[in-house]
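Novice:
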Amino acid sequence: MNHINKFEITQSLKKFNDIVQLYLAEDKLGKIVEILLIKTPQNQKKYVDRVLRYEIDPICNEINPLVQRIIQYGYDEENEVHFIAYEYNTNEEKDEFTVNDLIKVLKTLNHLKNQNRYGFYISPLTIAIYDDQPEIKFLGLLKVFALFDAIDTDCLAPEFKKNYVQSFQSDMYAVFNRFKDILNHSDNNTLHEIFEKALALNKIDRYNSYKDVIDVLGKYQKTTIQSVSYSKTVTVSVKSELMTNFQTVMDEMNEESFLLVSEEKSKEHNNVQGQFSTENYSGNFFANSDNSIFILADRIKNYTNKYVNNNGFVSEYKFGYESFNSFNISQYFENKWKEANDLGKLHKKETALITKWKTLPQKEQEFIEEKAFKAIYTSCSATKKKSNNLIFQLSKKFRDWYFIRELRKNNIKLAIDDKVVGIIHKYNQKDYQLIIQDAEITIDDIPKSGKLIEDVTIEISQFKKQVYACTNFSKREVVNPELCTKLIKPEHLIIETPPNLDYVAFENTIINERLKNDESQLESVLEALHRKPLYLIQGPPGTGKTTVIVELVEQMVLENKNVKILITSQSNLAVDNVLERLPDTILFMRLASDEDRITASIKMHSFTNKLSDWVEKTKKASKDYLDSKLRNSKTDNEILKFKTALKNSGNDKKFTDFQNYLYYQNNYIKRKFEKVKSLAEVDLIFDKHLDLKVSKLRAIQRDWFSFLSNADTDKGKQKVSMLHTGTTEIDLKTALLQSTNVIGATCIHIASGQYQNIDFKFDYVIMDESSKATPAESLVPINMAKNVIMIGDHKQLPPVVTREKAVKEKIKEELEDNGLDIQKEFGESLFEKLITTFENNDKLSHYYKMLSTQYRMPRQLGNLISTYFYKENPLRNPSKEIISDYDIKKSHGLQFKKPLTKIMDLITKKIIEVPTSVVMISTSDSDNPYDNGDKKKRANECNRSVINEILVELNKQYQGNAEKEYPFTIGIIAGYRGQVELLKSTIKTDRYKNFKILHKDKNDTSLIDINTVDKFQGAERDIIIYDIVKSSEAVSSIGFLDDYRRINVAFSRAKKLLIIVGDHEYILKRAHLHEKSEFKDFKLKEIVRQLEEQGVIVHNFKNILQ
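Anchor point for the sequence shown: position 619 equals 619 in my numbering, and the numbering is continuous, going up by one each time.
(1) When burial is assigned at 16 or more other CB atoms within 10 Å of the CB, is Trp337 buried or exposed?
(2) Can you tell me where the beta strand (DSSP E) holding Leu394 begins and where it ends?
(3) Out of Gln247, Lys306, Phe333, which has the shortest C-alpha to C-alpha gap to Glu322?
(4) Measure from the alpha carbon of Gln1090 to the alpha carbon of each residue in Ile1008, Glu1020, Lys1055, Val919, then state which is nearest.
(5) State the Cα-Cα distance for the pair Gln365 and Gly753, rounded to the nearest angstrom.
(6) Write down the C-beta distance between Ala174 and Leu156 rounded to the nearest angstrom, noting that I regard them as a contact closer than 8 Å.
(7) Tell me whether the beta-carbon of Lys761 lies closer than 8 Å to the beta-carbon of Lys564.
(8) Please check the pair Ile972 and Val742, which I expect to be a contact at CB under 8 Å, by giving their CB distance rounded to whole angstroms.
(9) Going along the chain, which unbroken runs of the beta strand (DSSP E) with 3 or more residues stay wholly within the stretch 450-508?
(10) If Asn784 and Ile750 are in contact, beta carbons under 8 Å, what's the gap, nearest whole angstrom?
(11) Does the Cβ of Ile511 have 16 or more other Cβ atoms within 10 Å, making it buried, or fewer, making it exposed?
(12) Label His1074 either buried or exposed according to how many other C-beta atoms from any shown protein chain fall within 10 Å of its C-beta, with 16 as the threshold for buried.
(13) Nearest-angstrom Cα distance between Val1098 and Ile1028?
(14) So, does the stretch 443-451 touch the stretch 415-422, judging by three or more C-beta pairs under 8 Å?
(15) Does the beta-carbon distance from Asp181 to Phe120 come in below 8 Å?
(16) Following the continuous alpha helix (DSSP H) through Arg178, name the residue where it begins and the one where it ends.
(17) Residues in the same chain with beta-carbon distance under 8 Å from Phe642, minus the five sequence neighbours each way, listed in chain order, please.
(18) For Leu1058, write down the residues that DSSP places opposite it in a beta bridge.
(19) Spatial neighbours of Asn948 within its chain, please: C-beta separation below 8 Å, excluding the five flanking residues on both sides.
(20) Hey, could you find the ends of the alpha helix (DSSP H) Met556 is sitting in?
(21) With distances taken Cα to Cα, identify the nearest neighbour of Glu965 among Val788, Ile997, Ile1067.
(22) Rank Asp636, Ala680, Arg671 by C-alpha distance to the C-alpha of Lys654 and give the top, closest one.
(23) Measuring straight from C-alpha to C-alpha, what distance separates Gly978 and Lys984?
(24) Considering only the alpha carbon of each residue, which of Leu52, Val165, Leu259, Gly140 lies closest to Thr304?
(25) To the nearest whole angstrom, what separates the beta carbons of Phe392 and Leu434, a pair I think is in contact under 8 Å?
(26) Throw me the rounded Cβ distance for the Val525 and Val548 pair, which I believe falls under 8 Å.
(27) To the nearest angstrom, how far is it from the Cα of Thr442 to the Cα of Thr378?
(28) Could you check where the beta strand (DSSP E) with Ala974 kicks off and where it finishes?
(29) Span of the alpha helix (DSSP H) holding Arg1107?
(30) On the DSSP letters alone, give me the boundaries of the beta strand (DSSP E) that Gln275 sits inside.
(31) Looking at C-alpha atoms only, which residue of Ile1060, Ile907, Glu832 is the closest neighbour of Ile1117?
(32) Have a look at Lys926 and Asn943 and give me their C-alpha separation to the nearest angstrom.
(33) Which of the three DSSP states is assigned to Leu147 in this structure?
(34) Name the DSSP bridge partner or partners of Gln437?
(35) Can the beta-carbon of Ile789 be found closer than 8 Å to that of Leu552?
(36) Any contact between the stretch 249-259 and the stretch 195-207? By contact I mean 3 or more CB pairs, one from each, below 8 Å.
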């Protein structure tokens, strides 16, 4: 047994017995770990599985300095052992302890108790102290150690040895027993008395709480300075005439002293300065160049400084007038000053960023709440007929009856003080009355007068979650606090010598063979798995982002069967695209607020459907099992059914009731029981004809079915059916969720209130389309992550920023910046912020990868996208050596007069000819190619007419398309919403028979979609028709079409053919970027100029066809 999972065993550390053993091991990168092996007998495997799932899984990879970190756990099928891999502490373990060490351990145990963390025992092996820091080992494994008799009982309390039932008194006894060697170095009676009480044989004679004993030991320390061990002394300098009086202060400093270094150095000598604080005194100090600190002894305050206590650090050294074991004090405080400044700068940067990130959702929420309907009522009463029908008397000043009509029409609920009242049933404008039928709260819960407000809970929910996420992030109340620093200041990711990764060896473990032909995909998977806790993958259009995500998930599950992964994105479609591609072997669940938002093929995996399916399968398995037992037993099935029915009827208590019940049974049952004279004789017949074991199984099955049927039935704040995990109770939905490897949900929905009892902690959060999410949106799932993999492309659509002018003004007011560019400040995603930092720092290059080969578009279009949007890191078209028939697969099938187009291959720098797949139909020769000039609803009738002509011709060219196994699809993308409305209202897609799939139910499906660029991101179509829309007779700004990211997304949706419609002379001669545009290059103009040079611009679609 040389290998367990991905670990190679290198050394035996401890053999508890033949079943439980501890080893040193190395992972594939050479990292040393401790690995505990449990050679579990098969009949006890399920029990150990359960302990690991409920005790170990919640704390796996949790960062807690007090507990030995669990890296991975699982079951190795090949060696038939359970394993738990722990972080290996390379520091030297202390073998002599002090009272200070004892206090730290007790504080650690108190901390675990407050977190409801048990499942450990105290022994020399399970509590260690490294560099004055206690570490608890094997947390959560008490039941396993007890099961296999692997517990070292030397330190344990008498009552704990009997049944291994844990309590803080028994743990306290074991700790003091573990640390009793301290008494060998002390004759102090007080200390002996403390130990004597803690080690009392009767637990009720011990201390009542950890706090009590910690306080007692703390007082002992303060009265005995010798109990604190100082290795070095800080030399103190004060004015000679004040030395005697200052001695009292210094004595207290030697008991416990907090120091806080100031950000600014002293002006006169540029020395580090700061403040100190003890229990009763506080003051200022200066670090002198003569290797001492000078204290202003004449300005000592006779009180503690709480700010210093809360924000400073505890002195690890003794203070004295004379140098004893002295050291470089100046350098020590210089280092502390640098550390404080770095932290201060980081804190200021973090505060400023989070304040900015939080402001947008805050103001969005405020805006919605402010514009919500409000009405003052002066009284409220119940109707005579029904107490929950409420009449609200409105103020005579009320005038907004139009809003009342709209609220009633749309069934919008009203609320009072965040309590939902109900829907408007009637209103009486004459009497100023409003009636709510079937109110959701009683009249006793309603103030006599107040304000009725439109219930906007759903509308503001997403913004509240973002604000809450920002707040938790700033407090570091997240699963992995390490991420907080690294997201704000990525430089903290830098490792001088990052671990070497064996790309060649990894190629042999790849699951999807296609990755072996794409170096960037393979490398991104391997690096994302090992470069933690943050890794970025840039995925330009068609480069296989989904393929990479699926491979990542499969590799994660292969390495750790208990891994917890969240697949998330800003959009439901992006989440479903990944989940659809997962193999059947991966267990996943889709969470969504509304199942109608889920792709049809994914609905069976929804939260509700998954539970229902599991319940039905479990019931069937239970029934099949019992039926098999019945077939193999001597049980009379008819009598078994009779006994079950008799018990359910309640007629098994009195003999007369039994006789009456027997009268209505069939003749077979009557004959069996016709001679009985008592219930005792009835039981004898049952025993004779029934297998007692099967009878008990039937009773268990009945209770089990009842339990399952109530899996989703509410009883107060919890479900009727609850499972006990050993430490807590959870409902079946939660249990099912916790046993699922992969959860799919949008960034916002994963924080939904319906999961408030589920403490989501994911080993990995994989966020697709990260570049479309605002920083606040991104933080919602990131806060739940131990490791984050962000996948996106900042060269495509950015986050959507509010269009409401009022919200923008609120943001400027909050941030006190009237000149703030809202789009620039809030249009940058967290992904873009990070990846631009990574690109500009060579030492961070290990933490991101760009996928470099596109597989969606034909070669001409792929080259165009690469040339104008990814020139710095060119995109490759697939090599013919790898996909020899690529041009055939990407062929649109039309016969063009110009079948081939010359392009410059960006990799080889050679001119090559490729099939023509990009054409432009120019409207420049039309009578009126110009748009309507309406800034709010821009549209272009000329372009609409041309698009209609193109559709007519395509319908003619693609005869029989709808009957093909994979019919061609068409996407029509317009640059403006007004044009989309015009196209949708005038183009009847059902006219084009070759692009319409007929169904028997007459609910036909069109293969033509019309929409904006935003709606098409993440989608693809065989043919894309892009409508530029904008055109004017005079010179004018191109407007928001200056944003090359929108052009990139629109053009790159095409799999076979891109047709651009617009006034090419306007683009080349009269259009220009706005003087305040954030973009330097007019990409659309450059593209149109290239198409003109390539000779693929015509004035009629028919002109390009043979």
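All residues carry an ideal CB built from backbone N, CA and C; glycine is no exception.
The model shown is predicted, which means the values in this text are computed figures rather than measured ones.
Specialist: Reading off the structure:
(1) Answer is buried; the Cβ neighbour count reaches 16.
(2) Leu394 -> beta strand (DSSP E) spans 390-394.
(3) Here the closest residue by C-alpha is Gln247.
(4) Proximity to Gln1090 across Ile1008, Glu1020, Lys1055, Val919 peaks at Val919, based on C-alpha coordinates.
(5) When only Cα atoms are considered, Gln365 and Gly753 end up about 17 Å apart.
(6) At roughly 5 Å, the Cβ-Cβ gap stays under 8 Å, so Ala174 and Leu156 are in contact.
(7) Yes, Cβ-Cβ distance for Lys761 and Lys564 is below 8 Å.
(8) Wrong, their Cβ atoms sit about 35 Å apart, outside the cutoff.
(9) For the stretch 450-508, whole beta strand (DSSP E) runs of length 3 or above, ordered along the chain, are 450-454.
(10) Looking at the sequence shown, residue 784 is not Asn but Met. Indeed they touch by this definition, with Cβ atoms about 7 Å apart.
(11) It is exposed - the Cβ of Ile511 has fewer than 16 other Cβ atoms within 10 Å.
(12) Its Cβ having fewer than 16 others within 10 Å, His1074 is exposed.
(13) Their Cα atoms are separated by approximately 15 Å.
(14) A contact exists between the stretch 443-451 and the stretch 415-422.
(15) Taking 8 Å as the Cβ cut-off, Asp181 and Phe120 do not qualify as a contacting pair.
(16) It spans 168-178 - the alpha helix (DSSP H) in which Arg178 sits, taken as one unbroken run.
(17) Within the same chain, Phe642 has close Cβ partners Gln665, Ile669.
(18) Beta-bridge pairing links Leu1058 to Val918, Ile1024.
(19) Once the five neighbours on either side are set aside, the close Cβ partners of Asn948 are Thr986, Ile987.
(20) In this chain, the alpha helix (DSSP H) harbouring Met556 covers 545-559.
(21) Considering only alpha carbons, the answer is Ile997.
(22) Of Asp636, Ala680, Arg671, the residue nearest in Cα terms is Ala680.
(23) Near 10 Å, if we compare the C-alpha coordinates of Lys984 and Gly978.
(24) For the residues Leu52, Val165, Leu259, Gly140, the minimum Cα distance to Thr304 belongs to Leu259.
(25) Taking C-beta atoms under 8 Å as the contact rule, Phe392 and Leu434 qualify, at a distance of about 5 Å.
(26) With 8 Å as the limit, Val525 and Val548 qualify as a contact, their Cβ atoms being about 6 Å apart.
(27) Straight-line Cα distance between these residues: approximately 17 Å.
(28) 970-974 is the span of the beta strand (DSSP E), which, as asked, contains Ala974.
(29) Lying outside 1 to 1106, the shown extent of the chain, residue 1107 is not represented and no answer is given.
(30) That run of the beta strand (DSSP E) goes 273-277.
(31) Within the shown structure, residues of the chain are numbered from 1 to 1106, placing residue 1117 beyond reach of any answer.
(32) The amino acid at residue 926 is misidentified as Lys; the sequence shows Ser. If I take the Cα positions, the gap works out to 10 Å.
(33) Residue state, collapsed to three classes: helix.
(34) Under DSSP, Gln437 forms no beta bridge with any residue.
(35) In this structure, Ile789 lies near Leu552, with their beta-carbon atoms less than 8 Å apart.
(36) Touching, no, given that fewer than three Cβ pairs across the two stretches are closer than 8 Å.
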